[in-house]
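With the working numbering, you'll find the sequence shown wraps up at 195, consecutive numbering, no jumps.
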Amino acid sequence: MICREMRLPDQDAVIALWKAAGVFREWNDPVRDIAKALEGEHSTVLIGELNGMIVASIMCGEDGHRGWFYYVSTHPDHQGKGLGKAITQAAEDWLRARGTWKVQLLVRGDNSQAASFYEAQGYKNTQSICLQKVIEP
59 MICREMRLPD QDAVIALWKA AGVFREWNDP VRDIAKALEG EHSTVLIGEL
109 NGMIVASIMC GEDGHRGWFY YVSTHPDHQG KGLGKAITQA AEDWLRARGT
159 WKVQLLVRGD NSQAASFYEA QGYKNTQSIC LQKVIEP
């Protein structure tokens, strides 16, 4: 698999991947999320290509202290082949190159499969509570 930064022409394929992999949520606008991730130097979307097809992705960013991962996905036809681990490693490398030494992510409480995936890569459950408030008009 070849890992690289996403470009705008990849957008439809990336969104289709997110839907196929089950990481898309109706209340999140993927076009808006991608545009925000690609607009500055503190975030990006990395994709994994296999035989010219986008089969993995991860949105990553850093806030000057910690890195964060979102939309981590591998196409269902390619799960279990190490591609999720590879795209996660590529995002860790992207953060490390920017001097970021810690990464965090959120896993929904009912997604034990995702939690197990990350724990197998050395991620720890911090027993934190995530609070959210939408502040748009």
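We treat Cβ as the ideally placed atom computed from N, Cα and C, and that holds for glycine.
Treat the numbers as computed from the prediction; the structure is a model and nothing was measured.
Query                                                                                      : Result
Simplified DSSP state of Phe82, which is helix, strand or coil                             : coil
Three-state secondary structure assigned by DSSP to Gln179                                 : coil
Whole-angstrom distance between Leu141 and Arg166, CA atom to CA atom                      : 21 Å
Range covered by the alpha helix (DSSP H) that runs through Gln185                         : Segment: none, Gln185 is in no alpha helix (DSSP H) and carries neither H nor E.
Assumed close pair Ser131, Ala149 - CB separation to whole angstroms, cut-off 8 Å          : Rounded, the Cβ-Cβ distance is 12 Å, inconsistent with contact.
Of the listed residues Asp121, Ala78, Met111 and Ile116, nearest to Gly157 (C-alpha basis) : Asp121
Where the beta strand (DSSP E) containing Gly106 begins and where it ends                  : Ser101 to Leu108
Endpoints, alpha helix (DSSP H) assigned at Arg154                                         : Leu141 to Arg154
Simplified DSSP assignment, three categories, for Arg65                                    : coil
Buried/exposed call for Met64, threshold 16 Cβ in 10 Å                                     : buried
Which of helix, strand or coil DSSP assigns to Ile193                                      : coil
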